[in-house]
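Taking it in order: structure first as C-alpha cells, then the write-up.
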Amino acid sequence: MTRKYYIHNMFWGYFMAACILYASYGDDEPKIIALRIFGLASAILFPFSRFLIEKAALRYTKKEFWKTGFFKDGVPKTYLMTLYFIFIFMTSIPIGVLSVCFEIKNVTAKI
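Here the sequence shown stands for residues 1 to 111, numbered as in UniProt numbering.
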C-alpha cells in the first residue's frame, strides 16, 4: 500500500469516527469512552482494512465482475457501497492489524 492510497481512502474512516464522537459528545461513561477509542483506532486502520479486503476480493474475481449487475451505477450500488464501508469500518481493527503485519513482512523481506 502506498501513502497516496492511504490518504485517498482515509476520508470514510475519519468521517465515521467523527459521527461516533459527535453522537457521544458529553457522555463520559466508560462504555462510551471505549467506543470512542475503538472508533478512532478503526478510523486509522480503515485504509489498511480496505486494501486487504480489496486485494483478497480481486484475487478470486476479476475487475469486470465489479462493474456488472448490482455494481453498475444506480441505487443498488449506492446501498452496497454503504454496507461495504460500514463492514470495513467494523472489521478494520482485526483486518487492519493483519494488513499492517503483512506490510511489515513485505518491507522486511525486501531488505
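Backbone N, C-alpha and C fix where the C-beta goes; we use that ideal spot for every residue, glycine too. Keep in mind that this is a model prediction, so the values were computed, not measured.
In its own chain, leaving out the 5 sequence neighbours on each side, no residue places its CB closer than 7 Å to the CB of ASP28. The C-beta distance from GLU103 to MET1 rounds to 6 Å, short enough to meet the 8 Å contact threshold. Taking each of TRP12, ILE7 and ILE93 in turn and checking the Cα distance to PHE85, the smallest one comes out for TRP12. By the Cβ test, the region 85–94 is in contact with the region 42–61, since at least three Cβ pairs between them sit closer than 8 Å. Cβ atoms of ILE20 and SER49 stay farther apart than 8 Å, at about 16 Å.
Ranking LYS31, ILE37 and MET81 by CA distance to the CA of ALA17 puts ILE37 first.
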